[in-house]
Amino acid sequence: MEKVKRWSTRIIIGMIFCSCVLGVLGNAKKVFQDNIYVWTEDQERKLPIYCVDRKKKVLALTFDVAWGNEDMNEILKILKKEKVKSTFFFSGEWMEHYPEDVKRIARAGHDIGNHGDHHKYMTRLSEEEQRREIQGAGDKAKALLGVSMELFRPPYGDYDSQVVETAESLGYYVIQWSVDSLDWMEPGKDAVIEKVCGHKNLKNGAIILMHTGTKCTKKALEPLIVRLKNQEYGFVPVSELIYREDYRINPEGMQISNEVP
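Residues 44 to 304 (the numbering used here) are what the sequence shown spells out, left to right.
This is the structure:
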């Protein structure tokens, strides 16, 4: 009889445990953004901004900048010719090596974003180390330009709730992307253009990820911009794309205004 009671208790406990696990998994949502998987549980996990809910047909073109400057002149020349304002996310080390380029990009009216001081995987760092990484790059930009950064993109797109909370506590909007050009893989000009223009997430408010320091980015950039313009898209920097207040971020990482349209 005692054995029966023990087994009954174990069965009940097991059922309760399974119910809890299934409940968590039922509430959890798996979101796929290119090569980044995001798990959210009833919005308890802090998410960055992947894209923005916009009625106008506008996109944000962004560049991660951490290696070399060989292609920077050509990229800036194309952006000027096509009258496109973009967002550049700089590592602190890059700003140290190429301070005049940083100033030139800022003078041209492009966004200056924070990409961490030493391009480290942020989730591998303690909270204090995360703060130092973000503040280090921010301090370098402030010394060069006299302005404070407000946009942060984690190197490698590596983040968790702590990374987002740390950046937000320092006054940053955390920015990911919804369309990855995969230019860093050097697939060739045409492949980059087709990857972006045929992407399932290419829509109003999309944020496109590109990189400097590759062989194919500068070759793909002008025809890519022209093709997107032919699809009637306009371009704005991230600072003009995002909402500054009274917004929410849905499980897919889309920033949505809470204001009644």
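Note that beta-carbon positions come from the ideal geometry of N, C-alpha and C, so glycine has one too. As the structure is a prediction and not an experimental result, all values here were calculated from the model.
Asked	Found
Provide the residue span of the beta strand (DSSP E) that contains valine 145, from first to last.	First-last for valine 145: 142–150, but that is the alpha helix (DSSP H), not the beta strand (DSSP E).
Alpha carbon to alpha carbon, how far is leucine 252 from arginine 97? Give it in angstroms, no decimals.	18 Å
According to DSSP, which residues form a beta bridge with leucine 252?	Thr105 and Asp223
I need the DSSP call for tyrosine 286, collapsed to helix, strand or coil.	coil
Closest to glutamate 193 by C-alpha separation, out of Gly214, Arg174 and Lys128, would be which residue?	Gly214
So isoleucine 218 and arginine 196 are in contact, right, with Cβ under 8 Å, and what is the actual spacing, rounded?	5 Å
For the beta strand (DSSP E) that contains asparagine 244, what are its first and last residues?	Asparagine 244 -> no beta strand (DSSP E), and no H or E assigned at all.
Start and end of the alpha helix (DSSP H) containing glutamine 298?	Segment 297–300 is the beta strand (DSSP E) holding glutamine 298; no alpha helix (DSSP H) there.
Measure the CB-CB distance between leucine 164 and aspartate 201 and report whether it falls below 8 Å.	The amino acid at residue 164 is misidentified as leucine; the sequence shows tyrosine. Yes, Cβ-Cβ distance for tyrosine 164 and aspartate 201 is below 8 Å.
State the start and end residues of the unbroken beta strand (DSSP E) segment that holds isoleucine 361.	Residue 361 falls outside the range modelled here, since the chain spans only 44 to 304, and no answer is possible.
To the nearest angstrom, how far is it from the Cα of isoleucine 299 to the Cα of serine 129?	21 Å
May I ask you to report which of helix, strand or coil DSSP gives isoleucine 292?	strand
Here's a check: name, in chain order, each residue in its chain whose Cβ is nearer than 6 Å to the Cβ of glycine 256, leaving out the five neighbours to either side.	Trp110 and Gly111
Does valine 269 come out as helix, strand or coil in the three-state DSSP assignment?	helix
Report yes if the C-beta distance between glycine 296 and cysteine 94 is below 8 Å; otherwise report no.	yes
For glycine 181, which residues of its own chain have a beta-carbon under 6 Å away from its beta-carbon, when the five flanking residues on both sides are left out?	Asn157 and Met192
Could you give the distance in angstroms between the alpha-carbon of asparagine 293 and the alpha-carbon of histidine 242?	20 Å
Indicate whether glycine 179 and aspartate 160 have their beta-carbon atoms separated by less than 8 Å.	yes
Take the Cβ of histidine 140 as the centre, count every other Cβ of all protein chains shown within 10 Å, and call the residue buried at 16 or more, exposed below.	exposed
Please report the straight-line C-alpha distance between methionine 138 and asparagine 301, rounded to a whole angstrom.	37 Å
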